[in-house]
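Counted from 1, the sequence shown has number 27 at position 25 by my numbering; the numbering is strictly sequential. Virtual Cβ for every residue (Gly too), placed ideally from N, Cα, C. Just so it is clear, the structure is predicted and the values come from calculations on it, not from any experiment. Structure, as structure tokens:
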Amino acid sequence: MHELAVTQGILDIALGSLEEAGGHRVGRIDLAIGEMTGVVEECVRFYFGVISRGTPAEDAELSVRVVPTSARCQSCGETFLVRECGWVCPRCASACSDLTGGKELIVESIEVRDGSQGTQRHP
3 MHELAVTQGI LDIALGSLEE AGGHRVGRID LAIGEMTGVV EECVRFYFGV
53 ISRGTPAEDA ELSVRVVPTS ARCQSCGETF LVRECGWVCP RCASACSDLT
103 GGKELIVESI EVRDGSQGTQ RHP
């Protein structure tokens, strides 16, 4: 159920950007969600549809980029995707690695539409 709080945060960020830009509608929100966050994309989409009703973000498109879990070997420096070989380095077989990706939960950009249907992107 933490997706509801996450989605409320996304909506708040989008509406804040809309206000800053002086726009009328949110057209699109680009998200990056790491595999290790436990955030379920379908739940975010569902909650967004519910909580954005009646707001300037009601019909906004959600674009989600899933960030795979990756690690860097502490022994040899190899960067690898964890799902392909677990936490063991595919180059040197060391089990000592640092997480480098997969915990992201980022609003990457927001498309704001003004009254004339023009658009602006906000990072």
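Delimiting residues of the alpha helix (DSSP H) encompassing residue i
i	result
S19	H4 to A23
V52	E43 to I53
E113	Careful: E113 lies outside any alpha helix (DSSP H), inside the beta strand (DSSP E) at L107 to R115.
Residue i vs residue j beta-carbon contact at 9 Å
i	j	result
V109	I53	no
V66	A34	yes
V69	G36	yes
L107	V41	yes
Member of the options whose CA lies at the smallest distance from the CA of residue i
i	options	result
G29	P58, C78 and E5	P58
F50	L17, M38, T71 and A73	L17
Cutoff 7 Å; reference residue i; Cβ partners in own chain excluding five residues on either side
i	result
R47	L64
I15	V109
Residue i: first and last residue of the uninterrupted beta strand (DSSP E) it sits in
i	result
R30	R27 to G36
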